[in-house]
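Novice: Below you will find the structure I want to go over with you.
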Amino acid sequence: MATYVAPIPQVHAHHAEREQRGWTSWITTTDHKRIGIMYMVTTMVFFCLGGIEALLIRLQLGVPNNTLVTPQVYNQLFTMHGTTMVFLFVVPMMAGLANYFLPLMIGARDMAFPRLNALSFWLLLFGGIVFYASLFWNPPEAGWTSVVPLANSVFSPSGGQDAWIYLIHITGVSSLLGAINFYATITNMRAPGMSWGRLPLFVWTILTYSVLLIIALPVVAAAVTMLLTDRHFGTHFFDAANGGSAILWQHLFWFFGHPEVYIMVLPGFGIISEILPVFARKPIFGYKAIAASTVAIAFLGFLTWAHHMFAAPVPEVILVFVMLSSFLIAVPTGVKILNWIATLWRGTVEFKTPLIFCAGGVGLFLIGGISGVFLATFPIDWQVNETYFVVAHLHFVLIGGAVLPIFGAIYYWFPKITGRMLSEGMGRVSFYLMAFGLLATFLIQHVMGLDGMPRRIYEYDNVGHLALYNMISTIGSFFLAAGVLVTIINVARSLKNGVAAGPDPWKANTLEWFTPSPPPVNNFDVIPLVRSAEPMKDIRREVDRRATVGGSAGAATVPTGATQVGV
Amino acid sequence: MGHLLPSTLAFFTPESGGSPNANEISSLFKITLAIAAVIFVLVEGALIYALIKFRKKKGAVPAQIRGNTRLETGWTVAAALILVALAAVTFAKLGAIQNPPNSNAAGANLSSLDEPLYASATRKLPPNGKALNITVIGRQYIWQYLYPGATERDGLGTPYSYQEMVVPTETTVSLNIVSSDVVHAWWIPELGGKFQAVPGYHNYTWFKISKPGVYKGQCAFLCGRQHARMVATVRAIPPVQFEEWLSRQKTLIAEANTAAQASRAKLNSATGAGQVENP
């Protein structure tokens, strides 16, 4: 008797368009998959640049009173590092992942506006080039937050500050157009049967990511335009001597800046919500709660910006209100973490690399989330803000909540993009290096801040145990970098030598796994009817049912070219 | 950046010890830390337990649970309650952190030193309205302090010092923080939190030191290339010595001004044409 092999659900194309080749086809492409790949490659390059800047920062701070770089170069380094990581890595990387996978996950053939999509990418690349061109002159020095009046023409005469302004403008337009595109795609192009209650959770987070961008970006665009005119066209928006206000800059910047951090972290949460159920072999626990908490976090995120300004001369009512709104936002965030743990609970957890990155991300994000509660308590914030305590907080939440999930997504979705698997062994090494590196670099920074070490200082005196703490932190940063390098090498090697993946190597839940790997240009010949939040499970069950009902148990055909999938 | 207290708890708490507001902040931090530690152990523990206990084993079947409304409501309410408790503790301690107490009787004689204090919306005064008011001026890259005394009958003008602020112990000192160029932040960790010096604005804080000594701090808001070196110290001395120091400081400044006046006059008469600009 022949052994029953479950058939792999696939739709065979009867006619496929010849795939375009050559570099000119990439420059002119409007295909969301190719644009997604260009986004991902570009943002990884900027990630590496930002990482080099970070290593230089840590090398300068490794010993007290170091002279590796001058004060000017040091200020430029942390400005470039923060700006690169926020505007040229995390936010556009999420756009890149969404570009590739959003249409596939909702059963669409492309984005709503393909040419606008291409424009978004080229604007991102152009903005990054304009910004990094400042390396050949004078890079900006006023921090990624471009503190004012330091960033005005009197105190920052160099054009580097203008390069920063142009970066915000150009990448801002790129993100805004992308956000409109994502929003239109999600609202209009879902497969039949995909109601809001069946939307994949990653798509929910891209929806809120887009709404946040649409509301917040115009505010920062206005703020940096006002800074530009203050610098060059004689206005005095932020100049106290002529009736302006430096506090105005802080309000305008942070009204954008705080939603920006949720823009960065919510898609990371979406990735976690996709990956954990697949590898726990259980549905997500509390789909409605996770979707609702995503929307709640996005909304509340607009009410908390002044917690970056607790030490500024603002009225007391702001201090109290913003502390309470910041406490409130901790509730939906905590709920998500508990829902994720409950997803793993009583599952059968498979320790594949995507799961390890995401579960590790949750555990490490938790540390940052808890330090956030300290920062939200404004009397405590008066002691720990603008110190290494807040540097520690922001890196735990961003690396735990965005970077590690991005790496999990790379391991999860690389088979779909390329048709090959990444090496599991190297994946684990990459995670453990990054997790250890994150802990070694940033845990001790909480203590550095509590001991009184401010941030954004190019040197410190040998007092207390600061020399030891900084040395630990510096060594840790090289482990983190090594972990990133291992994944990059993994990707490079697996592009040629990776094991063939097939359409659904993970037996996952969402529609992108219904296509071949990589998907053809038109994604789907037939858009499937969606019956639940886990359409692939329904499809597999239906195919199984038809195969066992339609013929004898052993007669199920396995399409040629498919690889072992497992039961 | 302060000396380290000889206890392991000092590893996990902000600097304190110089002034009651700093001590109250540290105490609030410890309470928050205790709650945070419990939550961390429970949640991180649950995560690690789940990953170990429910890893894929031969024959194990995953439970197809989609949710549990009672459990989810329960933990949402519990999370909110914990935060309500934290907020309540914060408000309970807020008064001691923000509101300066009266100076001690042994403190500096404020009736001769104080100037009219105008309470503003954010400035807090001690209950009897008297404090030693010092204006802190931030500029790239040095702190300047203006002491009371401009209205003294000796006509010697406002005493000031740079980088090191001298204050009397047992006395409530009220700081009026301003800036003459970019945003800075005044911070002496053992004496309390940090407050921005913003051009065009006043920002206020206070401290009251009981133990004489030197308290170190530095600028805590990016203000330019030498931000790292914009240090500040507060030297607390007994009130009688403070009054002596203040009058000596006024005399020294007056002498320096007279000498400068004389050398300017000499330069002007020597060169003949044009005036030497007032430095």
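In the order they appear, the protein sequences are chains E and W.
Under this note's numbering, residue 567 is the last one in the first sequence; the count climbs by one each step, no gaps.
Under this note's numbering, residue 846 is the last one in the second sequence; the count climbs by one each step, no gaps.
Note that the Cβ used here is the ideal one computed from N, Cα and C, for glycine as well.
What residue from W:I704, W:A663 and W:S670 has the CA that sits closest to N695 of chain W's CA?
Specialist: Nearest of W:I704, W:A663 and W:S670 to N695 of chain W, Cα basis: W:S670.
Novice: Does R34 of chain E come out as helix, strand or coil in the three-state DSSP assignment?
Specialist: R34 of chain E falls in the helix class under three-state DSSP.
Novice: Contact between the segment 279 to 293 of chain E and the segment 226 to 238 of chain E is defined here as three or more beta-carbon pairs at a separation below 8 Å; is this criterion met?
Specialist: They do not touch, by the three-pair rule.
Novice: Would you call the CB atoms of H389 of chain E and F407 of chain E closer than 9 Å?
Specialist: Here residue 389 of chain E turns out to be Phe, not His, going by the sequence shown. In this structure, F407 of chain E does not lie closer than 9 Å to F389 of chain E by Cβ.
Novice: Would the beta-carbon of P114 of chain E fall within 9 Å of that of D230 of chain E?
Specialist: Not a contact, by the Cβ cut-off of 9 Å.
Novice: F524 of chain E: which of E:Q20, E:Q60 and E:A108 sits nearest, CA to CA?
Specialist: It is E:A108 whose Cα lies nearest to the Cα of F524 of chain E.
Novice: Take the Cβ of H81 of chain E as the centre, count every other Cβ of all protein chains shown within 10 Å, and call the residue buried at 16 or more, exposed below.
Specialist: It is buried - the Cβ of H81 of chain E has at least 16 other Cβ atoms within 10 Å.
Novice: Would W345 of chain E count as contacting chain W if we go by Cβ distances under 9 Å?
Specialist: Cβ-Cβ to chain W under 9 Å: yes for W345 of chain E.
Novice: Ignore the nearest five residues each way along the sequence and tell me which others in G449 of chain E's own chain have a CB closer than 6 Å to its CB.
Specialist: Correct list, in chain order: V384, T387, Y388 and F389.
Novice: For chain W, find out if any of its Cβ atoms is closer than 9 Å to the Cβ of Y287 of chain E; answer yes or no.
Specialist: Yes, its Cβ sits closer than 9 Å to a Cβ of chain W.
Novice: Quick check on E737 of chain W - is its C-beta less than 9 Å from some C-beta in chain E?
Specialist: By this cut-off, E737 of chain W is not an interface position.
Novice: Straight-line CA distance for V45 of chain E to A655 of chain W?
Specialist: Whole-angstrom Cα-Cα distance: 47 Å.
Novice: Does DSSP classify Q631 of chain W as helix, strand or coil?
Specialist: Correct three-state label for Q631 of chain W: coil.
Novice: Starting from S593 of chain W, trace the alpha helix (DSSP H) in both directions and tell me its first and last residue.
Specialist: Run containing S593 of chain W: P587 to K620, per the alpha helix (DSSP H) assignment.
Novice: Would you mind stating whether Q730 of chain W and P71 of chain E have Cβ atoms separated by less than 9 Å?
Specialist: Not in contact: Q730 of chain W and P71 of chain E (Cβ atoms no closer than 9 Å).
Novice: List the residues of chain W that Y458 of chain E touches, going by C-beta distances under 7 Å, in chain order.
Specialist: Residues of chain W passing the Cβ test: A795.
Novice: Using DSSP bridges, identify the partner residues of I290 of chain E.
Specialist: In DSSP, I290 of chain E forms no bridge with anything.
Novice: Please check if any C-beta of chain W sits within less than 9 Å of the C-beta of V335 of chain E.
Specialist: V335 of chain E counts as touching chain W.
Novice: Between the segment 75 to 94 of chain E and chain W, which residues of the former have CB atoms less than 8 Å from a CB of the latter, in chain order?
Specialist: Against chain W - using a Cβ distance shorter than 8 Å - the residues of the segment 75 to 94 of chain E are N75.
Novice: Following the continuous alpha helix (DSSP H) through A508 of chain E, name the residue where it begins and the one where it ends.
Specialist: First-last for A508 of chain E: undefined, no H or E at that position.
Novice: Tell me the DSSP secondary structure of F524 of chain E in three-state form.
Specialist: Coil.
Novice: Can a CB atom of chain E be found closer than 9 Å to the CB of N700 of chain W?
Specialist: False, the Cβ-Cβ gap to chain E never drops below 9 Å.
Novice: Under three-state DSSP, which class holds Y411 of chain E?
Specialist: Helix, per DSSP.
Novice: Taking the straight line between their C-alpha atoms, what separation do you get for T739 of chain W and Q816 of chain W?
Specialist: Approximately 21 Å, taken between the alpha carbons.
Novice: Just how far apart, CA to CA, sit E811 of chain W and P715 of chain W?
Specialist: Computed Cα separation, rounded: 14 Å.
Novice: Verify the CB distance criterion: does A222 of chain E have a CB-CB separation below 9 Å to chain W?
Specialist: So, not an interface residue.
Novice: What are the residues in the segment 751 to 765 of chain W lying within 8 Å of chain E by C-beta distance?
Specialist: Correct list: A752, W754, P756, G759, G760, K761, F762, Q763 and V765.
Novice: Please list, in chain order, all residues of the same chain as L88 of chain E whose beta carbon is under 6 Å from its beta carbon, the five residues on each side excluded.
Specialist: F46 and G128, listed in sequence order.
Novice: Just tell me which of E:R198, E:L266 and E:Y432 has its CA closest to the CA of F479 of chain E.
Specialist: It is E:Y432.
Novice: Tell me, which residues are paired with Q785 of chain W by DSSP?
Specialist: According to DSSP, Q785 of chain W bridges with W:V798.
Novice: Quick check on V362 of chain E - is its C-beta less than 9 Å from some C-beta in chain W?
Specialist: With 9 Å as the cut-off, V362 of chain E counts as an interface residue toward chain W.
Novice: According to the Cβ coordinates, are A799 of chain W and I755 of chain W closer than 9 Å?
Specialist: Yes; because the gap between Cβ atoms is below 9 Å, this pair is in contact.
Novice: Could you pull the start and end residues of the alpha helix (DSSP H) that R115 of chain E belongs to?
Specialist: Start and end: P114 to A133.
Novice: For the candidate residues E:M471, E:R531, E:S146 and E:P520, whose alpha-carbon lies nearest to that of R18 of chain E?
Specialist: Of E:M471, E:R531, E:S146 and E:P520, the residue nearest in Cα terms is E:P520.
Novice: Any idea what DSSP makes of V154 of chain E, helix, strand or coil?
Specialist: Coil.
Novice: Given that a residue counts as buried once 16 or more other Cβ atoms are within 10 Å of its Cβ, and exposed if not, what is A577 of chain W?
Specialist: By the 10 Å Cβ count, A577 of chain W comes out buried.
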